[in-house]
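Chemist:
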Amino acid sequence: MDFLRPPTWADALAAKAEHPDAVPLQGGTDVMVELNFGARRPAALLDLTRIADLAGWDDDGGRIRVGAGVPYARLIDGLGDRLPGLAQAARTVGSPQIRNRGTVGGNLGAASPAGDSHPPLLAAGAVVEAESAARGTRMIPAAEFYTGVKRNALAPDELIRAFWTPPAPGPQYFSKIGTRNAMVIAVCSFAIALHPEERRVGTGIGSAAPTPVRAVAAEEFLSAELDWEGRTPLAVSAAQRFGALVADAAAPIDDVRGTADYRRHALSVMARRTLTWAWNDHAGDSRREAS
Amino acid sequence: MRVNVTVNGAPQTVDDVWEGESLLYMLRERMGLPGSKNACEQGECGSCTVYLDGVPACSCLVAAGQAEGREVRTVEGLAEGSTGADGRLDPVQEAFVEAGAVQCGFCTPGLVVQSHDLISRVPDPSDAEIREALAGNLCRCTGYEKILDAVRLAARRRAEASA
Numbered sequence: 062m063d064f065l066r067p068p069t070w071a072d073a074l075a076a077k078a079e080h081p082d083a084v085p086l087q088g089g090t091d092v093m094v095e096l097n098f099g100a101r102r103p104a105a106l107l108d109l110t111r112i113a114d115l116a117g118w119d120d121d122g123g124r125i126r127v128g129a130g131v132p133y134a135r136l137i138d139g140l141g142d143r144l145p146g147l148a149q150a151a152r153t154v155g156s157p158q159i160r161n162r163g164t165v166g167g168n169l170g171a172a173s174p175a176g177d178s179h180p181p182l183l184a185a186g187a188v189v190e191a192e193s194a195a196r197g198t199r200m201i202p203a204a205e206f207y208t209g210v211k212r213n214a215l216a217p218d219e220l221i222r223a224f225w226t227p228p229a230p231g232p233q234y235f236s237k238i239g240t241r242n243a244m245v246i247a248v249c250s251f252a253i254a255l256h257p258e259e260r261r262v263g264t265g266i267g268s269a270a271p272t273p274v275r276a277v278a279a280e281e282f283l284s285a286e287l288d289w290e291g292r293t294p295l296a297v298s299a300a301q302r303f304g305a306l307v308a309d310a311a312a313p314i315d316d317v318r319g320t321a322d323y324r325r326h327a328l329s330v331m332a333r334r335t336l337t338w339a340w341n342d343h344a345g346d347s348r349r350e351a352s
Numbered sequence: 088m089r090v091n092v093t094v095n096g097a098p099q100t101v102d103d104v105w106e107g108e109s110l111l112y113m114l115r116e117r118m119g120l121p122g123s124k125n126a127c128e129q130g131e132c133g134s135c136t137v138y139l140d141g142v143p144a145c146s147c148l149v150a151a152g153q154a155e156g157r158e159v160r161t162v163e164g165l166a167e168g169s170t171g172a173d174g175r176l177d178p179v180q181e182a183f184v185e186a187g188a189v190q191c192g193f194c195t196p197g198l199v200v201q202s203h204d205l206i207s208r209v210p211d212p213s214d215a216e217i218r219e220a221l222a223g224n225l226c227r228c229t230g231y232e233k234i235l236d237a238v239r240l241a242a243r244r245r246a247e248a249s250a
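In order, the protein sequence lines correspond to chains A and B.
Numbering-wise, the first sequence is residues 62 to 352 according to the working numbering.
Numbering-wise, the second sequence is residues 88 to 250 according to the working numbering.
1. Which stretch, first to last residue, makes up the alpha helix (DSSP H) that contains P202/A?
2. Report the residue ranges of all beta strand (DSSP E) runs contained in full by the region 165-195 of chain A; include only those spanning at least 3 residues, in chain order.
3. Which residues in the same chain have their Cβ closer than 8 Å to the Cβ of A75/A, if we skip the five residues on either side of it in sequence?
4. Which residue marks the beginning of the alpha helix (DSSP H) containing L280/A, and which one marks its end?
5. List, in order along the chain, the chain B residues whose C-beta lies closer than 7 Å to that of N161/A?
6. Which of helix, strand or coil does DSSP assign to P70/A?
7. Quick one: grab the DSSP three-state call for S352/A.
8. Shortest alpha-carbon distance to V137/B belongs to which of Q129/B, E106/B, L111/B and V179/B?
9. To the nearest angstrom, report how far apart R239/B and T240/A are at their CA atoms.
10. Residues in the same chain with beta-carbon distance under 6 Å from R117/B, minus the five sequence neighbours each way, listed in chain order, please.
11. Under 8 Å, CB to CB, which of the residues in the region 109-132 of chain B have a partner in chain A?
12. T90/A touches chain B at which residues, Cβ-Cβ below 7 Å?
13. For Q149/A and chain B, any beta-carbon pair shorter than 8 Å?
14. Sorted by chain position, which residues of the same chain lie with C-beta nearer than 7 Å to W289/A's C-beta, five sequence neighbours on each side aside?
15. Nearest-angstrom Cα distance between G155/A and I246/A?
16. Can you list the alpha helix (DSSP H) stretches of 4 or more residues lying completely in the region 109-193 of chain B, in chain order?
17. Can you give the beta carbon distance from L107/A to A129/A, rounded, assuming they're within the 8 Å contact cut?
18. Examine chain A for any beta-carbon lying closer than 8 Å to the beta-carbon of Q99/B, and answer yes or no.
19. Looking at H203/B and V184/B, is the spacing between their C-beta atoms short of 8 Å?
20. List the endpoints of the continuous alpha helix (DSSP H) containing L136/A.
21. Below 9 Å between beta carbons is the criterion; list the residues of the region 126-148 of chain A that meet it against any residue of chain B, in chain order.
22. Would A327/A and C249/A be called neighbours here (beta carbons separated by less than 8 Å)?
23. I'd like to know whether the C-beta of S352/A is nearer than 8 Å to at least one C-beta of chain B.
24. Could you check the C-alpha separation between V165/A and Y133/A for me, to the nearest Å?
25. If distances are taken between C-alpha atoms only, which option among I201/A, W118/A, I238/A and N97/A comes closest to A150/A?
26. Using a C-beta cutoff of 8 Å, does R334/A count as contacting chain B?
27. I'd like to check one pair, A185/A with I201/A: are the Cβ atoms closer than 8 Å?
28. Taking the alpha-carbon positions, what's the Q129/B to R152/A distance?
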């Protein structure tokens, strides 16, 4: 096995081009488990933790560009105010030790349907910045990034450099089902993001289909249904319909963590609850603005 | 491969490290530092917690090669003068002994490192903060109550010492 330690991003792209079967390594919270258990013996490991500019972010007031090597703990502290949905999801990842090491970049690379970052990235409309030495930069919307169970849209010579997302233009919430408050892989999870200026709702479903998915029909229904200007209270029937459409968008399986029926039911409940929280926040803002 | 790493303040060179092995394996099997414990090898139990460049991490999930040029501090490096016979335990270690927070002792090194980090960042942690900080450290003996007592005691001692 080779252990490649590129000191710069250009070196990393060159190494990945030369060793397309090299497994990129950030915090190690997924990759090292597979190595420790002998489930994976890659020809090479590509350690990306020496590349300083992967561990920072830029916020020019428009979109925020977050480096693939920012650990969850720093994302929560440094970006929690601007990316509240993603920060809520990040707080549910593993334990403090795991959040000190694990990254959104690694979550995208692993592309597990249960990855906690994915639903809020989908709901916010995030874009993944991938790059190769041969073809340069490619911007991949999160909704097109997940292609199968633990598969993503990256080519063998590409690496994830960053993800781009606007600072939250409205309320965002994340909800996750598990057996305790730490060290839990989601039984299923859900994220919602309101985009009031576009009069649009974003959603993301985790751990209830072969890939993380949006609930497109639920988004369209709700975007048309909500009283964006008047901010009148949410009709119970609308919240229930939204929950049912979210459950319909999932394609869950029965497994050790839960049954397909349970996941559909839990998704409808999480969708209804997170929508209620988000809409109450939106309506509350209007009351604050009026007073 | 060769790994150059500073462990508990001392620069070290380790040879014949396998590229796929963990920092935990290197510490225990190649460097004679068995304080960090090997249990789950998947980041679930926290028994292998060490400081890596000042940040607590599960050493089973850090590739040994990722420690190149970095500073590692293990449970062996917490006590004052820990390399000498007259070494004095860290206040967190003393508190664990006094509070009876140790039974079989297997989880203790990880809990001590993680608690050490907590009270250095949060001098007077609430119970909720202690529970959150230790959520990734499993103990199958104590039921955790004595561990919570130990962390509160260590925080008090630390506050008194700096007052």
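Quick reminder that beta carbons are idealized off the backbone N, C-alpha and C, glycines included.
Model, not experiment: these values are computed from the prediction.
Modeler: From the atom records:
1. Looking at the DSSP string, P202/A is not in any alpha helix (DSSP H); the run it does join, the beta strand (DSSP E), is G197 to P202.
2. 188-193
3. P67 and A194
4. First, the amino acid is wrong: residue 280/A is Glu here, not Leu. Start and end: V277 to E286.
5. Ordered by position in chain B, the residues that pass the 7 Å Cβ test against N161/A are V142, P143 and A144.
6. Going by the sequence as given, residue 70/A is Trp instead of Pro. The answer is helix: DSSP assigns W70/A an H, G or I state.
7. Low confidence applies to S352/A: its pLDDT is 47, below 50, so where it sits in the model is not reliable enough to give any reading.
8. L111/B
9. 27 Å
10. V101
11. S109, E128, Q129, G130 and E131
12. G130 and L148
13. It does not; no Cβ of chain B falls within 8 Å.
14. P257 and R260
15. 8 Å
16. Whole alpha helix (DSSP H) segments, 4+ residues: 178-186.
17. Wrong, their Cβ atoms sit about 12 Å apart, outside the cutoff.
18. Residue contact with chain A for Q99/B: absent (no Cβ-Cβ distance below 8 Å to any residue of chain A).
19. no
20. Y133 to L140
21. P132 and A134
22. yes
23. Residue placement at S352/A is poorly supported in this model, since its pLDDT is 47, which falls under 50; the coordinates still yield a value, given next. Chain B contact via Cβ: absent.
24. 7 Å
25. I238/A
26. no
27. Against a cut-off of 8 Å, the Cβ pair of A185/A and I201/A comes out as no contact.
28. 19 Å
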